[in-house]
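In my numbering, the protein residues as written are 457 to 625.
These notes are about the structure you will find just below.
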């Protein structure tokens, strides 16, 4: 297949750090390791995200990163992980656009519900939606139930676990 899809990120960091931040995103979201830990070869040359960086001003950049479509495995949950998984914890990084490859467009034909449908299902017509990740690895069933209860009681609109619901093959 070898097709790639593009994700646009806006970086809020000094221009002198932007290339390093962009490469960290590209590698974390595709091969799950920092660039310096990935040896030359297939992972670095084919699987790792490819970066195009554009300076907007002294403290903001736009970066386009292309990812191999096969890394998504035709799963929406894995797509979300590639788009904004671990880097969602990084300050100053925002996803601003997504351009699917033709094969991903053919597979992901569009939302079933859209934001309107999601809001209807949640009973929330306006305002921000809050989501929490339960991170179940290593937790007992009772611990997981307690954590989920606390998130729900704390007014989280959605509670997810993106790691154990994907096909890791």
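The C-beta atom is built at its ideal place from N, Cα and C for all residues, glycine as well.
Source: prediction; values computed, not measured.
Consult DSSP for residue 468 and reduce its assignment to one of helix, strand or coil.
Here residue 468 sits in strand by DSSP.
Using 8 angstroms as the limit for Cβ to Cβ distance, is residue 580 near chain E?
Within the model displayed, chain E is absent; a lone protein chain is all it includes.
Residue 551: buried (16+ other C-beta within 10 angstroms of its C-beta) or exposed?
Flag for residue 551 reads exposed.
If you check the beta carbons only, do residue 569 and residue 525 fall under 8 angstroms apart?
No; because the gap between Cβ atoms is not below 8 angstroms, this pair is not in contact.
When the Cα of residue 583 is compared with those of 542, 606, 531 and 613, which residue comes out closest?
The option with the nearest alpha carbon to residue 583 is 613.
What are the start and end residues of the beta strand (DSSP E) that includes residue 551?
Element bounds for residue 551: 549-555.
One question on the structure: do residue 528 and residue 499 come within less than 8 angstroms of each other, judged by their Cβ atoms?
Cβ distance not < 8 angstroms, so residue 528 and residue 499 don't count as in contact.
Would you kindly check if the distance between the Cβ of residue 507 and the Cβ of residue 479 is under 8 angstroms?
Against a cut-off of 8 angstroms, the Cβ pair of residue 507 and residue 479 comes out as a contact.
Taking the alpha helix (DSSP H) that residue 459 falls in, what are its first and last residues?
Run containing residue 459: none; DSSP gives neither H nor E here.
Applying the 10 Å Cβ sphere with the 16-neighbour rule, what's the burial state of residue 485?
The residue is buried, with at least 16 neighbouring Cβ atoms inside 10 Å.
Identify, in the order they occur along the chain, each residue of the same chain with its Cβ nearer than 7 angstroms to the Cβ of residue 625, setting aside the five sequence neighbours on each side.
Residue placement at residue 625 is poorly supported in this model, since its pLDDT is 46, which falls under 50; the coordinates are not used for a value here.
Here's the rule I'm using: 16 or more other beta-carbon atoms within 10 Å means buried, otherwise exposed. How should residue 605 be labelled?
Exposed, because fewer than 16 other Cβ atoms sit within 10 Å of the Cβ of residue 605.
Under a Cβ-count criterion, where at least 16 other Cβ atoms within 10 Å of its own Cβ denotes burial, should residue 481 be classed as buried or exposed?
So residue 481 ends up on the buried side.
According to the neighbour-count rule (16 or more other Cβ atoms, all chains shown, within 10 Å of its Cβ), is residue 571 buried or exposed?
Residue 571 should be labelled exposed.
Give me, in chain order, the residues of the same chain whose beta-carbon lies closer than 7 angstroms to that of residue 530; leave out the 5 immediate sequence neighbours on both sides.
Excluding residues within five positions, the ones whose Cβ falls inside 7 angstroms are 563.
To the nearest whole angstrom, what separates the beta carbons of residue 509 and residue 475, a pair I think is in contact under 8 angstroms?
So it is a contact: roughly 6 angstroms between Cβ atoms.
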